[in-house]
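Right, one structure below, let's go through it.
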Amino acid sequence: MAFPLPSPMRRALDLAAEAARVGEVPVGAVIARGEEIIATSANMMLGGNDPTAHAEMVAIRRAAESLGQPRLDGLDLWVTLEPCAMCAGAIAHARIGRLYYAAEDPKGGAVAHGPRFFQQPTCHHRPEVYAGIGAQEAAAQLRGFFAERR
């Protein structure tokens, strides 16, 4: 029996699909308090000529602006791909409470792969991490996107 995805991950996957349609790597991110969506984004690196405009980074900036505070204590980040080191650092600095991600990223991920950012003794805040939610759909989006470019 298949279970429906939590609505924040469903929204993140939809944002990723929208990103792919405009030529961005299909990654979407949602910051939520329970079911209440605070901020969303997809990758915007190409559109903004900004190498730091990963979906997570933009969503964190938008949430902080919306709430009028730099710390996002107790909020959840839902993202379609395992965060890189830059994004993991931003997640820690923003004090995100829970990180939910879909597909693993063995090459560029920094949560379960690479530097395993949140396991380092220099990391001052560690969110709860839940991996694999919507992983098949997210991985299929990424595979399809890169297959079209080869």
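Following the working numbering, the numbering of the sequence shown begins with 66 at its first residue and continues without gaps. Quick reminder that beta carbons are idealized off the backbone N, C-alpha and C, glycines included.
Alpha helix (DSSP H) segment containing residue i, residue limits
i: Leu146; result: Leu146 -> not in any alpha helix (DSSP H); beta strand (DSSP E) instead, spanning 141-146.
i: Leu80; result: 72-86
i: Ala200; result: 200-214
i: Arg127; result: 120-132
Per DSSP, cross-strand counterpart(s) of residue i
i: Ala97; result: Ile102, Asp141
i: Ile161; result: Asp138
i: Ala168; result: Leu146
i: Ala107; result: Gly93
N-terminal and C-terminal residue of the beta strand (DSSP E) that residue i is part of
i: Val194; result: 193-196
C-beta contact flag for residue i and residue j at 7 angstroms
i: Cys149; j: Ala118; result: no
i: Met122; j: Pro116; result: no
i: Ile161; j: Leu132; result: no
i: Arg76; j: Val95; result: yes
i: Ser106; j: Ala124; result: yes
i: Phe30; j: Ala153; result: For residue 30 there is no data in the structure shown, the boundaries of the chain being 66 and 215.
i: Asn108; j: Val87; result: no
Is there contact between the region 199-215 and the region 152-169, where contact requires at least three CB pairs shorter than 8 angstroms? Because the criterion of three Cβ pairs below 8 angstroms is met, the region 199-215 and the region 152-169 touch.
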